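To start, the structure itself, in structure tokens.
Protein chains: 2
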Amino acid sequence: MAAPAFPTDHVAPVDAYMGAQPLTPVAPSQTRTAAEEARTLVAQGKMAALATTSEDGTPWASAVLYAALEDGTPILCLSTLAEHGRNLTREPRASLMIGEAEPAGDPLDSGRVTLAGRVEALTGEAEAVAKEAYKAASPASGLYGGFGDFTYYALRVERVRWVGGYGRMDSADAASYHAAEADPTAKGAAYAIKHLNEDHAQNLLDMARALGGHPDATEATCSAIDRYGLNLNVQTPRGFTTTRIAFAETANRAGDLRGATVELARRARGE
Amino acid sequence: MAAPAFPTDHVAPVDAYMGAQPLTPVAPSQTRTAAEEARTLVAQGKMAALATTSEDGTPWASAVLYAALEDGTPILCLSTLAEHGRNLTREPRASLMIGEAEPAGDPLDSGRVTLAGRVEALTGEAEAVAKEAYKAASPASGLYGGFGDFTYYALRVERVRWVGGYGRMDSADAASYHAAEADPTAKGAAYAIKHLNEDHAQNLLDMARALGGHPDATEATCSAIDRYGLNLNVQTPRGFTTTRIAFAETANRAGDLRGATVELARRARGE
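Chains as they are written, first to last, in UniProt numbering: chain V, 1 to 271; chain B, 1 to 271.
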């Protein structure tokens, strides 16, 4: 086998990421798949970066607004007065990058996804459906979307690359992407994290000690929450670390985060 | 002469943009050049979208953090573990799109700029300077920026395309871009707009009537402010319109907006 052309892991000092190791067992926990992460980002966003290919071959990054159909297919509405619109009439290959709506902290440690494929100009019933979806995302398109220089496109997704932050990333194919569901709890996640950290510090510490593998934890804050569980940042006398706590049941509706965390808090207290 | 391949203006109803026309003369007003707009956006940002070309020829959009050298040259720090890093080892042509840090209202009516050119891997003194600039933008790069799979690049800008919002856009070449200055008042602009609209409605109305060409204005709000002047949204019995009011003198320092608007308010009152 030939040597890979590029390194397959960071060429980094071996101890770069070592945190305190768990002292007690931690229940296995599901995390969102790359396809679910992608659908979640696409569902919450509005603006995206589009990459097309300019006449001289230069890849061209521009800002666009997008809408998404029910299966996650992105809809664009672009003018041939703009370079990206002209580019797509020559070369339909394109990709769309969507980031978190409200990234906090180190921006490189926030989620983003690239959807790559080919755009297809829409006509007839498909165009009418796309127009409706797009109008919800851009009310002003009721005017400009009817101009003769604008075309409605669907991006036919061929591959998906998700980056969750430092060291968290994965790929998905088109079938997994379209079949996946956006996390229904994502919209309430920022509020839930704030609420847990401001009003439930003791509950989080109980979770880190009883369920998170760190019985000697001195402090715990929630850094992320999703339909399957939550992530904690944990301080111990052995150093800083992180752990993940699984919900007893998947949170399937927007309002289910509260019940799922209350159950965790009770279990962590031994109730 | 051959017909142009694309329309050169929107194929739109002729009355799509008609607002109330000024009734009295309005003093000519300078606006920021495309190069100044570009430098201003680059100076206020941190995250950007990078377009590179993937192995199969698909243009690839990804999220990156950038720093800027004093002449506006963007610095990137990318890993060959990421698709964009691998892409640039094959094809140095790339572009970077930077949007407003805090867009308000219709996102398509906010500023963004695309810088297109070629990346150059940096070594020696140029790399040391780039590392310092990048570390200010990403403190975490003190760790990951030293990993063997990361390369520091300068994007050698060849052309610049600025879009200010609906109907406001222009191009600049590399020399104009590097020679231009970021607007020193840009950081305070959002606060100034809020302050003018909340506490100085009468002053804005005076400006619209006495200086903005609409003596019958019934309401005026500030929609934008920069070193050369401010934009007003104006209601009149003849309909809605916009106007621009020039400062007596260019605001050359961050703190100069206040004095410049006070002077306008006095002049509008006839003092």
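Ideal Cβ positions, reconstructed from N, Cα and C, are used throughout, including at glycine. For clarity, every value in this text was computed on a predicted model and none was experimentally measured.
For residue j and residue i, believed in contact at Cβ under 8 Å, the rounded distance
| i | j | result |
| --- | --- | --- |
| residue 249 of chain V | residue 265 of chain V | In fact, because the Cβ distance is near 15 Å, the residues do not count as touching under 8 Å. |
| residue 174 of chain V | residue 161 of chain V | Going by Cβ atoms, the distance from residue 174 of chain V to residue 161 of chain V rounds to 12 Å, so no, they are not a contact pair. |
| residue 111 of chain B | residue 157 of chain B | That pair is no contact at about 17 Å. |
| residue 114 of chain B | residue 93 of chain V | Not really, about 18 Å apart at Cβ, beyond 8 Å. |
| residue 271 of chain V | residue 39 of chain V | That belief does not hold up - the Cβ atoms of residue 271 of chain V and residue 39 of chain V are roughly 35 Å apart, past 8 Å. |
| residue 202 of chain V | residue 217 of chain V | That belief does not hold up - the Cβ atoms of residue 202 of chain V and residue 217 of chain V are roughly 12 Å apart, past 8 Å. |
| residue 204 of chain B | residue 149 of chain B | About 54 Å; that fails the 8 Å criterion. |
Residue i - containing beta strand (DSSP E), residue span
| i | result |
| --- | --- |
| residue 230 of chain B | 229 to 236 |
| residue 166 of chain B | Element bounds for residue 166 of chain B: n/a, residue is neither H nor E. |
| residue 50 of chain B | 47 to 53 |
| residue 226 of chain V | 219 to 226 |
| residue 95 of chain B | 93 to 99 |
| residue 29 of chain B | Premise fails: residue 29 of chain B is in no beta strand (DSSP E) and is neither H nor E. |
| residue 41 of chain B | Unbroken run through residue 41 of chain B is the alpha helix (DSSP H), 34 to 44; no beta strand (DSSP E). |
| residue 211 of chain V | No beta strand (DSSP E) holds residue 211 of chain V; DSSP gives it neither H nor E. |
| residue 61 of chain V | 59 to 65 |
| residue 76 of chain V | 74 to 79 |
Within chain B, partners of residue i - CB distance below 7 Å
| i | result |
| --- | --- |
| residue 310 of chain V | Since the first residue of chain V shown is 1 and the last is 271, residue 310 of chain V is not available in this structure. |
| residue 161 of chain V | 83 |
| residue 99 of chain V | 63 |
Within chain B, partners of residue i - CB distance below 8 Å
| i | result |
| --- | --- |
| residue 173 of chain V | Within chain B, no residue comes near residue 173 of chain V; the closest Cβ sits about 15 Å away, beyond 8 Å. |
Where residue i meets chain V, residues with beta-carbon distance less than 8 Å
| i | result |
| --- | --- |
| residue 176 of chain B | Ordered by position in chain V, no residue passes the 8 Å Cβ test against residue 176 of chain B, which lies about 18 Å from the chain. |
Contact list for residue i against chain V, beta-carbon separation under 9 Å
| i | result |
| --- | --- |
| residue 140 of chain B | 106, 108, 109, 166 |
Range covered by the alpha helix (DSSP H) that runs through residue i
| i | result |
| --- | --- |
| residue 129 of chain B | 124 to 137 |
| residue 141 of chain V | 141 to 144 |
| residue 242 of chain V | Here residue 242 of chain V belongs to no alpha helix (DSSP H); instead the beta strand (DSSP E) covers 239 to 246. |
| residue 185 of chain B | Segment: none, residue 185 of chain B is in no alpha helix (DSSP H) and carries neither H nor E. |
| residue 111 of chain B | It is not in any alpha helix (DSSP H) - residue 111 of chain B carries neither H nor E in the DSSP assignment. |
| residue 88 of chain V | 83 to 90 |
| residue 264 of chain V | 256 to 268 |
| residue 174 of chain V | 174 to 179 |
Test item: CB-CB of residue i and residue j under 7 Å
| i | j | result |
| --- | --- | --- |
| residue 153 of chain V | residue 127 of chain V | no |
| residue 26 of chain B | residue 68 of chain B | no |
| residue 95 of chain B | residue 229 of chain B | no |
| residue 98 of chain V | residue 134 of chain V | no |
| residue 184 of chain V | residue 254 of chain V | yes |
| residue 226 of chain V | residue 269 of chain V | no |
| residue 212 of chain V | residue 257 of chain V | no |
| residue 171 of chain B | residue 35 of chain B | no |
| residue 119 of chain V | residue 155 of chain V | yes |
| residue 109 of chain B | residue 166 of chain B | yes |
| residue 61 of chain V | residue 20 of chain B | no |
| residue 178 of chain B | residue 45 of chain B | no |
| residue 143 of chain B | residue 130 of chain B | no |
| residue 47 of chain V | residue 107 of chain B | yes |
| residue 244 of chain V | residue 233 of chain V | no |
| residue 49 of chain B | residue 49 of chain V | yes |
| residue 77 of chain B | residue 145 of chain B | yes |
| residue 53 of chain V | residue 91 of chain V | yes |
| residue 220 of chain V | residue 208 of chain V | yes |
| residue 23 of chain V | residue 215 of chain V | yes |
Closer than 7 Å at the beta carbon, the chain V residues around residue i
| i | result |
| --- | --- |
| residue 93 of chain B | 57, 58, 59 |
Near the ligand PLP: residue i beta-carbon under 6 Å from a heavy atom
| i | result |
| --- | --- |
| residue 133 of chain B | In the structure on display, the ligand PLP does not appear, and there are no ligands present to speak of. |
* Using a Cβ-Cβ cut-off of less than 9 Å, give me the residues of the segment 42 to 69 of chain B that come near chain V, in sequence order. => 46, 47, 48, 49, 50, 51, 52, 53, 54, 56, 57, 58, 59, 60, 61, 62, 63, 64, 65
* To do: Check each residue of the UniProt domain "DUF2470" (191 to 264) of chain V: if its Cβ is closer than 9 Å to any Cβ of chain B, include it; give the result in chain order.
  => none
* Scan the segment 112 to 124 of chain B for residues whose Cβ lies nearer than 7 Å to a Cβ of chain V and list them as they occur along the chain. => 112, 114, 116
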